[in-house]
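Residue numbers (this note's numbering): 3 to 88.
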C-alpha cells in the first residue's frame, strides 16, 4: 500500500477502510477512547499516513488489539483487485 500513489489510495476508498480498521483496533485496547484520541496516538497528521497506519497496527497487535476480520478481508480484497496488494 505504501508504494501506491496517494491519490489512488483515496480514490479506491482503501485508505479510509484501513484507517477505520486501525481506529477500531485502537478503541478495542482503549475502551471509550474517542476517534480524535486514536488519530493523535497515530500521529496521523504526519505527511505519511500509510506508514503511520502500518506502525499503528504493529503496536496495537502487541497490545492485543482486536481487528475486525471481515473488514480486513474486505480491505485486502479491494487492495488486491486494485493492484495494490500482490
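Every residue, glycine too, gets a C-beta built ideally from N, C-alpha and C.
Keep in mind that this is a model prediction, so the values were computed, not measured.
Can at least three beta-carbon pairs, one atom from the region 17-25 and one from the region 53-72, be found at a separation below 8 Å?
Counting Cβ pairs under 8 Å, three or more are found: they touch.
Need the endpoints of the alpha helix (DSSP H) that residue 54 sits in, please.
From DSSP, the alpha helix (DSSP H) with residue 54 extends over 51-64.
Roughly how many angstroms separate the alpha carbons of residue 13 and residue 81, rounded to a whole number?
Whole-angstrom Cα-Cα distance: 12 Å.
Could you tell me if residue 66 is buried or exposed, where buried requires 16 or more neighbouring beta carbons within 10 angstroms of its beta carbon?
Residue 66 should be labelled exposed.
Through-space distance from residue 62 to residue 10, alpha-carbon basis
Taking the straight line from one Cα to the other gives about 26 Å.
Does the distance from the CB of residue 54 to the CB of residue 46 come in under 8 Å?
Closer than 8 Å, so yes.
Give the secondary structure of residue 35 by DSSP, where H, G and I count as helix, E and B as strand, and everything else as coil.
Three-state result, residue 35: coil.
In whole angstroms, what is the alpha-carbon distance linking residue 31 and residue 16?
If you draw a straight line from the Cα of residue 31 to the Cα of residue 16, it is about 23 Å long.
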